[in-house]
Structure formats: C-alpha cells, structure tokens
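S.K.: Counted the way this note's numbering counts, the sequence shown spans residues 6 to 158. C-beta atoms are modelled at their ideal positions from N, C-alpha and C, and glycine is treated no differently. Note that the structure is a prediction, hence the values are computed from the model and not measured.
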Amino acid sequence: MKTLVVYYSRSNITKEIAKEIQNELNCDIEEIKPLKDYDGKTGYAKAGYESMTKKTPKIEDAQHNPADYDLVVIGTPVWASTMASPVYTYLSQNKGKFNNVAFFATCGGSGDESTLKNMVKLVGKEGIATYSATKRTVGDKSRLKEFTDALKQ
6 MKTLVVYYSR SNITKEIAKE IQNELNCDIE EIKPLKDYDG KTGYAKAGYE SMTKKTPKIE
66 DAQHNPADYD LVVIGTPVWA STMASPVYTY LSQNKGKFNN VAFFATCGGS GDESTLKNMV
126 KLVGKEGIAT YSATKRTVGD KSRLKEFTDA LKQ
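1. For V143, which option in C112, A72, T120 and A50 has the closest C-alpha, if you only look at C-alpha atoms?
2. Name the one or two DSSP bridge partners that V83 has.
3. Out of curiosity, what's the CA-to-CA distance linking D163 and P91?
4. State the start and end residues of the unbroken alpha helix (DSSP H) segment that holds F152.
5. Tell me whether the beta-carbon of K63 lies closer than 9 Å to the beta-carbon of T94.
6. Is it right to say Y136 is buried, meaning 16 or more other beta carbons lie within 10 angstroms of its own, or is it exposed?
7. Flag this pair as yes or no: are the beta carbons of G80 and T19 separated by less than 9 Å?
8. Using the Cβ count rule (16 or more neighbours within 10 Å means buried), how would you classify M57?
9. Put T142 into one of helix, strand or coil per three-state DSSP.
10. For M124, count neighbouring C-beta atoms within 10 Å of its own C-beta (all shown protein chains included) and say buried if the count is 16 or more, exposed if not.
11. Looking at C-alpha atoms only, which residue of L156, D66, F103 and S14 is the closest neighbour of A52?
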C-alpha cells in the first residue's frame, strides 16, 4: 500500500511521532509548512485563536498529491481542543483527494478526542485508525505500534 504521512508540528513532538510512523511504514512523509511563524508566546496565542476560529493560514504548496496514495496518515498537535490551523488549511485544500485516511494527534493532556472527530468531519471519511499521545502517553511505544500495525492491514 502506497502511504504518505503528512503532519504539522510546532514543538517537534508531532514531528517525532510522524517520523516514527514513517520508519515503521517505510513510506513518504511531508511536513505542512505555514508561511507565518508560530514561535514564542505570541505565536502560541495566535495559534490558539486561529484554531478556535477555524482560520486557514497560508501554507507552502504540498510536494505530494494525496490522491496518488492509497493511505494518507495525518498528524496534528491539539490547539484549543481542535487541529492546528495549518492542518485545517491542508485538509480543506485537499478534501476529496484522500483514498483512505488515518489520523493522529498530540496534546498536553486533553482535546485529542474532539480533535480527531473534527478531522474526520472535515475530511468526510472515517479513519482506518486513530492514535493520540498526551504528555503522559507519548513514551508508550506499544500504543504507537498498535496504530502502525492497524495501518499495515
């Protein structure tokens, strides 16, 4: 199965998990790159506001067409109990191009369930599998392995 992992990561936690998924699935990977910066306290506040209001910040053009893949695994940090605004932009731009999807989210403690539901709603497809990692569970490699195993089937 031809697979692509697509992710956005502000603090590199989502990036690390995306790379682990890529290594396990031996697939292509693409980072969603916003044209503006979300660094520091101001960036953090801007990120939360954009996510709550469903803003679609401009992002760099994707290098991979999701329609060319059997499966696209999409990862996001949780911002204000939903997906990061750059992920919202990517999903909005590519809606209808996904053959099969899977979703993962990273968060400090909560909001992952609503985030995953919002991603499904935006894409209009249930994911083959979902995975979330909080500060407490991010080191639990067995849960991540269960997720990647489900994607291999």
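M.R.: In short, the structure shows the following:
1. As a first step, residue 143 must be located in the sequence shown, where it is residue number 138. Ranking C112, A72, T120 and A50 by Cα distance to V143 puts C112 first.
2. Locating residue 83 in the sequence shown gives position 78, counting from the first residue. Among the bridge pairs identified by DSSP, V83 is matched with M88.
3. No answer is possible for residue 163: the residues shown for the chain start at 6 and end at 158.
4. Locating residue 152 in the sequence shown gives position 147, where the first residue counts as 1. From DSSP, the alpha helix (DSSP H) with F152 extends over K146 to K157.
5. Residue mapping note: residue 63 aligns to position 58 of the sequence shown, counting from 1. Residue mapping note: residue 94 aligns to position 89 of the sequence shown, counting from 1. Cβ atoms of K63 and T94: closer than 9 Å.
6. By 1-based counting over the sequence shown, the position of residue 136 is 131. Buried, because 16 or more other Cβ atoms sit within 10 Å of the Cβ of Y136.
7. Walking along the sequence shown from the start, residue 80 turns up at place 75. Walking along the sequence shown from the start, residue 19 turns up at place 14. Going by C-beta atoms, G80 is nearer than 9 Å to T19.
8. By one-based count along the sequence shown, residue 57 stands at place 52. By the neighbour-count rule (16 or more Cβ atoms within 10 Å), M57 is not buried but exposed.
9. Position 137 of the sequence shown, counted from the first residue, corresponds to residue 142. T142: coil per DSSP, three-state reduction.
10. For the purposes of this step, residue 124 is taken as the residue at position 119 of the sequence shown. It is buried - the Cβ of M124 has at least 16 other Cβ atoms within 10 Å.
11. Position 47 of the sequence shown, counting from 1, holds the residue named residue 52. Here the closest residue by C-alpha is S14.
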